[in-house]
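Visitor: Going by the working numbering, the residue at position 162 of the sequence shown is 323; the numbering climbs one at a time, nothing skipped. Here it is, the structure in full.
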Amino acid sequence: MKSDIEIAQEAEKLPIQKVAENAGIPVDSLELYGKYKAKLSEEYLKELSGKKNGRLVLVTAINPTPAGEGKTTTTIGLVDALNKRGRKAVAALREPSLGPCFGIKGGAAGGGYAQVVPMEELNLHFTGDFHAITSANNLLAAMLDNHIQKGNKLGIDPRSVVWKRCMDMNDRVLRNIVVGLGKKSDGMPREDHFVISVASEVMAVFCLAENLHDLKERLKKIIVAYNFDGEPVTADDLKATGAMAALLVDALKPNIIQTLEHNLAVVHGGPFANIAHGCNSVRATQAALKLGDIAVTEAGFGADLGAEKFFDIKCRMSGLKPDAVVLVATVRALKYNGGVDKNNLKEENLDALKKGIVNLEKHIENLQKFGVPIVVTLNSFDTDTEAEISYVKKFCEDRGCEFAISEVFAKGGEGGLALADKVIETLDNKKGDFRLLYPDDMPLEQKVETVAKEIYGADGVTWEKSALKSLQKLKDLGMDNLPVCMAKTQYSLSDDAKKLGRPSGFTVHVREVYPSAGAGFVVIVLGNIMTMPGLPTHPAAENIDVTDDGRITGLF
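Take a look at the structure:
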């Protein structure tokens, strides 16, 4: 089979105006970025607000493994399959980050014959949204240090600066740095830090804002430092809100592109799920709900991270209520969770499958806590055996879930018809009772314990003394009613990446606590999770090149 980029480059794309027209979007409502991508105008978004919502389907997955799960591929293939069944379906996806694209994970345009295009443009600079977010973040950092240098009227304690610079690249040497070295005019020397752009609070604010006014209200609340009296200093105190909003005003408009089968995809925003809240923008999801009978969206990594944050953060703040959840798994990933080496996953191994399927079981149980009907889909590989598939099917159905095989990677929308039928059946016949995991007024430490025990299966939570001190400070500042955003490894239900399957008898360790006051949540850092990733021994960048005629190769 051809590589993802070969399939994407050989695909016949329609002009984005034609894709928009087929979806009922007037051409004069588009702001074009070349032939195949565009933004929706603010005027059109206001017109859409009066339309009735379609149904909302969330696609999530088991914990990721080296074997691959195919969550975005499934999302895109499901949209194509639903359209083949006569349902007007629209995808709402995240924009990829350059960090994993050049690192180990690769891009995020789907795969095989279930992709969105133009694949290279989406995975690289796209419409410049991430650059705008990075610029707004770093403008605030520059204004903060400049204020300290130019008299420090706000009395900012340089030892209590919490705002970090960012860039959209994996670069471990920037995690901990010293700035202000040199002459007196070069600034005050202090320790500083970088995060990857998708972990910036500006990204979270961007993705949760419902309009420009809401964006500005959130930006102004961002806490950048504390003064010598221990009081918070915000972006608005630095008079940075307006300029940051000016950098973000065009980026705030959702982007549209197309699937390989010319169906509409709204792609906008993209915080990581292991270190941020992991969902595309509220605006993109709301637009997809107005544009289609069914909006299919995704949440990052496994359901313990992406889905939990989609429900407890994004839905809590926006009022969105999912009508169904598609939970993606693979036979290979389940066997990996059962202890099989990644080089031996092609061989039938029912014992390992039975041992590893407990990971899927826990995710089913977790999703059921939110009261949403579940369809489990096995992303198909040609090495899967009938015995293995039958075992997983019965396992899921015994737990009250619908089940379908997905072959969208190899067959596109045609390979997703069985899944589409199960989703349609679920939407037509099963009424969910969506609920959040915890109420707003639950104390912060209890919210952390609730997620740790109910979702991860932990026995309890241990805290660094510094984290407890930070927690108390946030409570004193009146932030006890905010939801929690857990920063945790994606590879395990626990905070230890090596604990596969369904770990038990463990506690999670809170290393750090800090506010994202503009976004409206409190970040809880568990274990050794890094907000600025590093590159692997052999980064994907080593295989990426450009031919003399400008064709990009090696991107996946």
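For glycine and all other residues, C-beta sits at the position ideal for the given N, C-alpha and C.
Quick check on PHE291: does DSSP put it in helix, strand or coil?
Guide: Translated into positions along the sequence shown, residue 291 becomes position 130. PHE291: helix per DSSP, three-state reduction.
Visitor: Identify the continuous alpha helix (DSSP H) that holds GLN651 and give its terminal residues.
Guide: Here residue 651 is taken as the residue at index 490 of the sequence shown, counted from 1. Per DSSP, GLN651 belongs to no alpha helix (DSSP H) and is neither H nor E.
Visitor: Given a cut-off of 7 angstroms, decide if ALA678 and ILE384 are closer than it, judged by their beta-carbon atoms.
Guide: Here residue 384 refers to the residue found at position 223 of the sequence shown. Here residue 678 refers to the residue found at position 517 of the sequence shown. Cβ distance < 7 angstroms, so ILE384 and ALA678 count as in contact.
Visitor: What does DSSP give as the partner residues of GLN170 in its beta bridges?
Guide: The count along the sequence shown starts at 1 and reaches residue 170 at position 9. Partner(s): none; GLN170 has no beta bridge.
Visitor: Using 7 angstroms as the threshold, is the C-beta distance between GLY341 and MET349 below it?
Guide: As a first step, residue 341 is located in the sequence shown; it is residue number 180 there, counting from the start. As a first step, residue 349 is located in the sequence shown; it is residue number 188 there, counting from the start. Yes; because the gap between Cβ atoms is below 7 angstroms, this pair is in contact.
Visitor: Would you check if the distance between the CB atom of ARG320 and the CB atom of PHE355 is smaller than 7 angstroms?
Guide: Against the sequence shown, residue 320 aligns to sequence position 159. Against the sequence shown, residue 355 aligns to sequence position 194. No.
Visitor: If I'm right that LEU259 touches ASP165 with Cβ under 8 angstroms, what's the distance once you round it to whole angstroms?
Guide: Counting from 1 along the sequence shown, the entry for residue 259 is found at position 98. Counting from 1 along the sequence shown, the entry for residue 165 is found at position 4. That pair is no contact at about 17 angstroms.
Visitor: Specify the secondary structure class of ILE186 as computed by DSSP and reduced to three states.
Guide: Position 25 of the sequence shown, counting from 1, holds the residue named residue 186. Look at ILE186 here: in three-state DSSP terms it is coil, with no helix or strand label.
Visitor: Can you check which of these residues, THR538, ILE518, GLN447, is closest to LYS213 by C-alpha distance?
Guide: As a first step, residue 213 is located in the sequence shown; it is residue number 52 there, counting from the start. Checked all of THR538, ILE518, GLN447; the closest Cα to LYS213 is GLN447.
Visitor: Pick helix, strand or coil for HIS670, following the three-state DSSP scheme.
Guide: One-based indexing of the sequence shown puts residue 670 at position 509. Strand at HIS670.
Visitor: Contact check, ASN244 vs GLY574 under 8 angstroms by CB: the rounded distance?
Guide: On the sequence shown, residue 244 is found 83 positions in, with the first residue counted as 1. On the sequence shown, residue 574 is found 413 positions in, with the first residue counted as 1. The Cβ separation is near 7 angstroms, so the contact holds.
Visitor: Tell me, please, whether the stretch 214-229 touches the stretch 446-462 by the rule of three or more beta-carbon pairs shorter than 8 angstroms.
Guide: Enough Cβ pairs lie closer than 8 angstroms, so yes.
Visitor: How would you label MET162, buried or exposed, when you count the other beta carbons within 10 angstroms and need 16 or more for buried?
Guide: On the sequence shown, position 1 is the one that residue 162 refers to. Residue environment for MET162: exposed (fewer than 16 other C-beta atoms within 10 angstroms of its C-beta).
Visitor: For the beta strand (DSSP E) holding ASP710, just list the boundary residues, first then last.
Guide: Working through the sequence shown from its first residue, we reach residue 710 at position 549. Neither: ASP710 is in no beta strand (DSSP E) and is coded neither H nor E.
Visitor: With three or more beta-carbon pairs closer than 8 angstroms as the criterion, would you say the stretch 359-378 touches the stretch 425-436?
Guide: yes
Visitor: Over the uninterrupted beta strand (DSSP E) stretch that includes ALA386, give me the two end residues.
Guide: As a working note, residue 386 is residue 225 in the sequence shown. Per DSSP, ALA386 belongs to the beta strand (DSSP E) from 384-388.
Visitor: Name the DSSP beta bridge partners of TRP624, please?
Guide: Indexing the sequence shown from 1 puts residue 624 at position 463. DSSP output for TRP624 lists VAL671 as bridge partner(s).
Visitor: Taking PHE667 as the reference, give the member of TYR675, SER653, VAL674, ALA680 with the closest Cα.
Guide: Reading the sequence shown from its first residue, position 506 is the one you call residue 667. Out of TYR675, SER653, VAL674, ALA680, SER653 has the C-alpha closest to the C-alpha of PHE667.
Visitor: When DSSP labels each residue in this structure, what does LEU335 get in the three-state scheme?
Guide: As a position in the sequence shown, residue 335 is number 174, starting the count at 1. DSSP places LEU335 in helix when its eight states are reduced to three.
Visitor: Give the straight-line distance between the Cα atoms of ASN689 and THR650, rounded to the nearest whole angstrom.
Guide: Numbered from 1 along the sequence shown, position 528 holds the residue referred to as residue 689. Numbered from 1 along the sequence shown, position 489 holds the residue referred to as residue 650. Cα-Cα distance, rounded: 8 angstroms.
Visitor: Any chance you could list the alpha helix (DSSP H) runs of at least 4 consecutive residues sitting entirely within the stretch 390-447, in chain order?
Guide: Listed in chain order, they are 402-409.
Visitor: Kindly indicate the opening and closing residues of the beta strand (DSSP E) around MET330.
Guide: By one-based count along the sequence shown, residue 330 stands at place 169. Run containing MET330: none; DSSP gives neither H nor E here.
Visitor: Going by C-alpha to C-alpha distance, which of LEU696, ALA628, LYS660, ALA658 sits closest to VAL684?
Guide: In the sequence shown, counting from the first residue as 1, residue 684 sits at position 523. The option with the nearest alpha carbon to VAL684 is ALA628.
Visitor: Quick one: is PRO604 buried, meaning 16 or more other Cβ sit within 10 Å of its Cβ, or exposed?
Guide: Along the sequence shown, read from residue 1 onward, the residue named residue 604 stands at position 443. Exposed: under 16 other Cβ atoms inside 10 Å.
Visitor: Going by other Cβ atoms of all chains shown within 10 Å of its Cβ, with 16 needed for buried, is ILE585 buried or exposed?
Guide: The residue given as residue 585 occupies position 424 in the sequence shown. The residue in question, ILE585, is buried, as its Cβ has 16 or more Cβ neighbours within 10 Å.
Visitor: Since LYS200 is in the beta strand (DSSP E), which residue starts that stretch and which ends it?
Guide: The residue you call residue 200 lines up with position 39 of the sequence shown. Here the beta strand (DSSP E) through LYS200 covers 199-201.
Visitor: On the DSSP letters alone, give me the boundaries of the beta strand (DSSP E) that LEU495 sits inside.
Guide: Along the sequence shown, one-based indexing puts residue 495 at 334. For LEU495, no beta strand (DSSP E) run applies; the uninterrupted alpha helix (DSSP H) run containing it begins and ends at 492-498, by DSSP.
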